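S.K.: Quick note on numbering: the UniProt record's numbering labels position 15 of the sequence shown as 15, and the sequence is numbered without any gaps.
One structure is given below, represented as structure tokens, and several questions about it will come after.
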Amino acid sequence: MSKYKIAHLREQGQNMIIIPLDDNFEYKTDNEQFEIVDSLQVYARSAGLAGTVVPVWLHGRQMKFIAPRPWHPFFKSLTWNDVLRNLNKELTCG
Numbered sequence: 001m002s003k004y005k006i007a008h009l010r011e012q013g014q015n016m017i018i019i020p021l022d023d024n025f026e027y028k029t030d031n032e033q034f035e036i037v038d039s040l041q042v043y044a045r046s047a048g049l050a051g052t053v054v055p056v057w058l059h060g061r062q063m064k065f066i067a068p069r070p071w072h073p074f075f076k077s078l079t080w081n082d083v084l085r086n087l088n089k090e091l092t093c094g
């Protein structure tokens with residue numbers, strides 16, 4: 001069973017479930033990344049969390065993310081510390 005500290009917030013009229021992941025997420029294939037995101041989305045829904053899962057991770061000093069294109073400006077404006085400051089829930093998977 002995995003547990004993730006998450007930031008569940010509403011921004012720009014959208015519910016977002018921001019999940020910081022280990023930097024090794026960078027080295028997964030696109031298929032593996034999307035399978036992980038899909039799985040996290042299923043767990044978030046079954047936990048009663050409204051919104052879209054957005055994984056974030058550090059690659060060097062850069063924060064990377066997978067988010068809907070309209071949200072890219074918002075996520076590009078965030079720092080890793082912004083994400084950590086907004087962690088407000090825990091998601092249990094498995």
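Don't be surprised by glycine CBs; every beta carbon is placed ideally from N, CA and C.
Here the structure is a predicted model, which is why all the values come from computation and not from measurement.
(1) Alpha helix (DSSP H) containing tryptophan 80: first to last residue?
(2) Under 8 Å Cβ to Cβ from methionine 1, same chain only, skipping five residues before and after it: list those, please.
(3) In its own chain, which residues sit with a C-beta less than 6 Å from the C-beta of lysine 3, not counting the 5 before and 5 after it?
(4) Would you identify the three-state DSSP class for asparagine 31, choosing helix, strand or coil?
(5) With a CB to CB cut of under 8 Å and the five nearest residues on each side skipped, what residues in its chain are close to leucine 84?
(6) On a Cα-Cα basis, can you pick out the residue from Phe25, Thr52, Ser39, Tyr43 that is closest to glycine 13?
(7) Just to confirm before moving on: does the CB-CB distance between proline 55 and phenylalanine 25 stay below 8 Å?
(8) Do you know offhand how far asparagine 15's Cα is from glutamate 32's?
(9) What are the boundary residues of the beta strand (DSSP E) that includes proline 55?
M.R.: According to the structure shown:
(1) 80-85 is the extent of the alpha helix (DSSP H) around tryptophan 80.
(2) Within the same chain, methionine 1 has close Cβ partners Thr92, Cys93, Gly94.
(3) The residues are Glu90, Thr92.
(4) The answer is helix: DSSP assigns asparagine 31 an H, G or I state.
(5) Excluding positions up to five away in sequence, the list reads Pro20.
(6) Per the Cα distances, Thr52.
(7) In this structure, phenylalanine 25 lies closer than 8 Å to proline 55 by Cβ.
(8) The alpha-carbon atoms of asparagine 15 and glutamate 32 are separated by roughly 24 Å.
(9) Following the DSSP letters along the chain, one finds proline 55 inside the beta strand (DSSP E) bounded by residues 52-59.
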